[in-house]
Amino acid sequence: VFAEAQTVERLQRLYKHNNSTERFECRLHSDETERDRWLEHWSKPINTGLYSGGRIVRYYDITSQRRRSQAIKRLHTTTRKLMEINQQDDIITTFVNAAFEVMRVDVIEFYSWNGSAGHLELTECAGSKTTGEMSRVVSEQTPIWSAFIQREERRLDDPTELESDGAHAGDSDLMILPLESYGG
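Residue numbering for the sequence shown follows my numbering, starting at 271 and increasing by one per position.
(1) Look at residue 370 and residue 397 and say whether their C-beta atoms are less than 7 Å apart.
(2) My understanding is that residue 410 touches residue 363, with C-beta atoms under 8 Å, so please give their C-beta distance in whole angstroms.
(3) Quick one: what's got a C-beta closer than 6 Å to residue 341's C-beta in the same chain, skipping five residues either side?
(4) Taking its Cβ as the centre, do 16 or more other Cβ atoms sit within 10 Å of residue 329, making it buried, or is it exposed?
(5) Taking all protein chains shown into account, do 16 or more other C-beta atoms lie within 10 angstroms of the C-beta of residue 445, making it buried, or fewer, making it exposed?
(6) Reducing DSSP to helix, strand and coil, say where residue 472 ends up.
(7) Ordered along the chain, which non-local residues of its own chain (more than five positions away) have a Cβ less than 6 Å from that of residue 277?
(8) From the DSSP output, in three-state form, read off residue 448 for me.
(9) Under DSSP, the alpha helix (DSSP H) around residue 279 begins and ends at which residues?
(10) What's the call for residue 309, buried or exposed, on a 16-neighbour Cβ count within 10 Å?
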């Protein structure tokens, strides 16, 4: 179950010698959920009484703290990259890829306002469900357009509310986040 062989070896040495208090982080791997869990191990030997020679062992689930820490590190790295980029297209690509990694969703699409044409169009996407089609224009009758105009987040439980082109067929939960007057 432990993701690293070193963790198993460390625990075996710890139980064999049983002479010190230990605290360390370890990772559990699950093939079923494909999401690892992080635990903090704490243990100390029992020196007296009925259980003398044994150990008190506790594991604390620190997965959410670990994920938050990793997200903050990714945000820091992305921010540094964004400060070095000169091209607007590269900024959008970096942003979309970072958001995809951190948010752990199936797909992220970024629509930009095309002022000369007067419409929103798909300019970047990332994820396993991307179709490769990068010129999709959003019509004014869609929730994406409404969220952009009203500058309000929208959650869609029914993907059929989007355009009938089938781009989101089978999705069960969609979130639309406008990014000021630029896009979303």
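All residues carry an ideal CB built from backbone N, CA and C; glycine is no exception.
In terms of the structure at hand:
(1) On the sequence shown, residue 370 is found 100 positions in, with the first residue counted as 1. On the sequence shown, residue 397 is found 127 positions in, with the first residue counted as 1. Yes, the pair counts as a contact, with Cβ atoms nearer than the cut-off.
(2) Indexing the sequence shown from 1 puts residue 410 at position 140. Indexing the sequence shown from 1 puts residue 363 at position 93. Wrong, their Cβ atoms sit about 27 Å apart, outside the cutoff.
(3) Looking up residue 341 in the sequence shown gives position 71. These residues qualify, in order along the chain: 372.
(4) Against the sequence shown, residue 329 aligns to sequence position 59. Its Cβ having fewer than 16 others within 10 Å, residue 329 is exposed.
(5) Looking up residue 445 in the sequence shown gives position 175. Looking at its Cβ environment, which holds fewer than 16 other Cβ atoms inside 10 Å, residue 445 is exposed.
(6) Given that the chain is displayed from residue 271 to residue 454, the structure contains no residue 472 and the question cannot be resolved.
(7) The count along the sequence shown starts at 1 and reaches residue 277 at position 7. Excluding residues within five positions, the ones whose Cβ falls inside 6 Å are 296.
(8) Here residue 448 is taken as the residue at index 178 of the sequence shown, counted from 1. Coil, per DSSP.
(9) As a working note, residue 279 is residue 9 in the sequence shown. Element bounds for residue 279: 275 to 287.
(10) For the purposes of this step, residue 309 is taken as the residue at position 39 of the sequence shown. Buried.
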